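Participant: Can you read through this structure? Questions will come right after.
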Amino acid sequence: MPEATNSAEPLLSVRDLHTSFPLRSSLLRRTVGQIQAVAGVSFDVSAGGTLGLVGESGSGKSTVARTIVGLEKARSGSIRFDGEELTSLPPASMRRVRRQLQMIFQDPYASLNPRATVEQIVTEAWEIHPDVVPRARFRTEVRELLERVGLNPDHASRYPHQFSGGQRQRIGIARALALRPKLVICDEAVSALDVSVQAQVLNLLEDLRRDLGLAYLFIAHDLSVVRHISDRVAVMYLGRVVETATQDELFSRPLHPYTQALLSAVPDPKPWNRPPREPIIIGGDVPSPADPPSGCRFRTRCWKADDVCATTDPALEPRLDRHPVACHFATDLVEAVR
Ligand SMILES: Nc1ncnc2c1ncn2[C@@H]1O[C@H](COP(=O)(O)OP(=O)(O)OP(=O)(O)O)[C@@H](O)[C@H]1O
Ligand SMILES: [Mg+2]
4 MPEATNSAEP LLSVRDLHTS FPLRSSLLRR TVGQIQAVAG VSFDVSAGGT
54 LGLVGESGSG KSTVARTIVG LEKARSGSIR FDGEELTSLP PASMRRVRRQ
104 LQMIFQDPYA SLNPRATVEQ IVTEAWEIHP DVVPRARFRT EVRELLERVG
154 LNPDHASRYP HQFSGGQRQR IGIARALALR PKLVICDEAV SALDVSVQAQ
204 VLNLLEDLRR DLGLAYLFIA HDLSVVRHIS DRVAVMYLGR VVETATQDEL
254 FSRPLHPYTQ ALLSAVPDPK PWNRPPREPI IIGGDVPSPA DPPSGCRFRT
304 RCWKADDVCA TTDPALEPRL DRHPVACHFA TDLVEAVR
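Residue numbers (this note's numbering): 4 to 341.
Encoded structure:
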């Protein structure tokens, strides 16, 4: 039996999560090492809240998402969702939990069956979970759902290719909502869309969150995209979370050198209020997750790095109120932003 959910407990709580892929030699396909895609990630998503997860390409964001929904296997760590530990859940129970845990992808076209109508795409989930909507109500509920996501309900018999990119993303959202989830993981859900369409889809997601009490794990590589939709933000670098804070706090007082660099590249929405920011250019390339640097993973590209960074891995610890950061120089950085 699932435990009763404690109202103070976050809806999703990820602790020290590790997910690796075998690194194979190109010749004999022998396993010659491990790609540590997710290497000790911790964060919470509260019920009805939105956590933005940001980081460069390859930092492990999608692997975190895929591990949460059970598409990749966690090597170690804990994923608690709605009072249940997912890493040790038998497959049959995972199918039940997956109803509450839906995902929206970057490219809805690739994830929508081109030979199915919108109605078939949405009702497929109800065929698999017959207790959600009785068959007699399929047509009415599809129309309601399409209307809810801003699509014309009379277009239910159309095929995905008859819609624009933004409309197709709305079909993806309708499909994700069909099973009435508690948490929706949006993996780069608006990244492929034009800026104006992006804003419309973000507004829709925000309305749905408010009206339906949804929570989001909202993944993007671009900080400016997560800014308006997130109440908290976690910054990932090479398989680790290096800083988490409320959206407001992260944008006004970034503590980790990596977050500061990422933020310096984001246009300031209120430049008249503040002196202009100097862009911080991070030198070098992202190291391979198959052979990460010792100590702090960011040290090879960090302008504050010292000897201690090579020998000691900094823990993700709160430095300001509810503002954990993984950096040996966080105390200096706190002084600098005070
Ligand atoms: N199935 C896989 N097999 C081997 N390596 C993988 C696999 N999936 C991901 N990786 C590796 O794991 C690391 C993290 O990848 P992931 O896709 O999670 O990053 P990401 O942050 O989502 O990047 P992006 O912003 O490009 O989507 C990368 O080095 C990637 O090459
Ligand atoms: Mg990704």
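Virtual Cβ for every residue (Gly too), placed ideally from N, Cα, C. The model shown is predicted, which means the values in this text are computed figures rather than measured ones.
For V200, which of helix, strand or coil comes out of DSSP?
Facilitator: Within the sequence shown, numbered from 1, the residue matching residue 200 stands at position 197. If DSSP states are grouped into helix, strand and coil, V200 belongs with the helices.
Participant: Excluding sequence positions up to five away, which residues of its chain have a Cβ less than 6 Å from the Cβ of A181?
Facilitator: The residue labelled residue 181 in the question sits at position 178 within the sequence shown. If the five residues before and after A181 are omitted, its C-beta is found closer than 6 Å to the C-beta atoms of V125 and A128, all from its own chain and listed in chain order.
Participant: Taking the straight line between their C-alpha atoms, what separation do you get for A218 and P94?
Facilitator: Counting from one through the sequence shown, the residue named residue 218 turns up at place 215. Counting from one through the sequence shown, the residue named residue 94 turns up at place 91. Distance between the alpha carbons of A218 and P94: 24 Å.
Participant: CB-CB under 7 Å to I298, same chain, minus the five flanking residues each way: which ones, in chain order?
Facilitator: Position 295 of the sequence shown, counted from the first residue, corresponds to residue 298. A small fix is needed here, since residue 298 is Gly in this sequence, not Ile. Only C312, A313, T314, T315 and D316 meet the Cβ criterion.
Participant: Measuring from each Cβ to the nearest heavy atom of ligand 3, keep the ones under 6 Å and list them in chain order.
Facilitator: Summarising the ligand content, the structure contains ligand 1 and ligand 2 and does not contain ligand 3.
Participant: What runs of the alpha helix (DSSP H), each 4 residues or longer, lie entirely inside the region 206-285?
Facilitator: Counting only runs of 4 or more, we get 226-230, 250-255 and 260-267.
Participant: Leaving out five residues before and five after R32 in sequence, what residues of the same chain have Cβ atoms less than 7 Å from its Cβ?
Facilitator: As a first step, residue 32 is located in the sequence shown; it is residue number 29 there, counting from the start. Here the set comprises nothing.
Participant: Using the DSSP secondary-structure output, state which residues sit across from S65 in a beta bridge.
Facilitator: Indexing the sequence shown from 1 puts residue 65 at position 62. Note: S65 sits in no beta bridge, so no partner.
Participant: From the DSSP output, in three-state form, read off R146 for me.
Facilitator: Position 143 of the sequence shown holds residue 146. The answer is helix: DSSP assigns R146 an H, G or I state.
Participant: Check whether the Cβ of E191 sits closer than 7 Å to any heavy atom of ligand 2, and report yes or no.
Facilitator: As a position in the sequence shown, residue 191 is number 188, starting the count at 1. Flag set: Cβ of E191 near ligand 2.
Participant: Are the region 250-266 and the region 81-97 touching, with three or more C-beta to C-beta distances below 8 Å?
Facilitator: no
Participant: Give me, in chain order, the residues of the same chain whose beta-carbon lies closer than 7 Å to that of V269; leave out the 5 immediate sequence neighbours on both sides.
Facilitator: Within the sequence shown, the letter at position 266 stands for residue 269. L226 and S227.
Participant: Which whole runs of the beta strand (DSSP E) in the region 48-119 are 3 residues long or more, in chain order?
Facilitator: Runs of the beta strand (DSSP E) inside the region 48-119: 53-57, 79-84 and 104-107.
Participant: If contacts are defined as beta-carbon pairs under 8 Å, then G43 and H21 qualify, I think. What distance do you get, rounded to the angstrom?
Facilitator: Indexing the sequence shown from 1 puts residue 43 at position 40. Indexing the sequence shown from 1 puts residue 21 at position 18. Confirmed, Cβ separation roughly 6 Å.
Participant: When you compare the CB positions of R69 and S23, do they come within less than 8 Å of one another, or not?
Facilitator: Locating residue 69 in the sequence shown gives position 66, counting from the first residue. Locating residue 23 in the sequence shown gives position 20, counting from the first residue. Result no, Cβ atoms of R69 and S23 do not sit closer than 8 Å.
Participant: Closest to E252 by CA distance: which of L265, R235, G242 and S267 is it?
Facilitator: Against the sequence shown, residue 252 aligns to sequence position 249. Measuring from the Cα of E252, the nearest candidate turns out to be R235.
Participant: Could you have a look at E191 and say whether DSSP puts it in helix, strand or coil?
Facilitator: On the sequence shown, residue 191 is found 188 positions in, with the first residue counted as 1. E191: coil per DSSP, three-state reduction.
Participant: In chain order, what residues of the same chain have a beta carbon less than 8 Å from the beta carbon of T90, not counting five sequence neighbours either side?
Facilitator: Taking the first residue of the sequence shown as position 1, residue 90 is located at position 87. So the qualifying residues of the chain are A77, G80, S81 and I82.
Participant: Kindly give me the distance between the Cβ atoms of G55 and I176, rounded to whole angstroms, as I take these residues to be in contact under 8 Å.
Facilitator: As a working note, residue 55 is residue 52 in the sequence shown. As a working note, residue 176 is residue 173 in the sequence shown. So it is not a contact: roughly 18 Å between Cβ atoms.
Participant: Just mark I222 as buried or exposed, buried being the case when its beta carbon has 16 or more other beta carbons within 10 Å.
Facilitator: For the purposes of this step, residue 222 is identified with residue 219 of the sequence shown, where counting begins at 1. Burial call: buried.
Participant: Taking Cβ positions, are A179 and Q105 nearer each other than 8 Å?
Facilitator: Against the sequence shown, residue 179 aligns to sequence position 176. Against the sequence shown, residue 105 aligns to sequence position 102. Going by C-beta atoms, A179 is nearer than 8 Å to Q105.
Participant: Relative to the C-alpha of G287, which residue among T120, E281, D294 and R302 is closest?
Facilitator: In the sequence shown, residue 287 corresponds to position 284, counting from 1. Nearest option by C-alpha distance: R302.
Participant: Would you call the CB atoms of V152 and E144 closer than 8 Å?
Facilitator: One-based indexing of the sequence shown puts residue 152 at position 149. One-based indexing of the sequence shown puts residue 144 at position 141. The answer is no: Cβ separation not under 8 Å.
Participant: What did DSSP end up calling L15 once you bin it into helix, strand or coil?
Facilitator: Sequence index remark: in the sequence shown, residue 15 carries index 12 (1-based). Here L15 sits in strand by DSSP.
Participant: For I131, which residues does DSSP report across the bridge?
Facilitator: In the sequence shown, the residue the question calls residue 131 occupies position 128. Per DSSP, none; premise fails for I131.
Participant: Can you list, in chain order, the residues of its chain whose CB lies under 7 Å from that of S16, leaving out five sequence neighbours each side?
Facilitator: For the purposes of this step, residue 16 is taken as residue 13 along the sequence shown, with counting starting at 1. D47 and R83.
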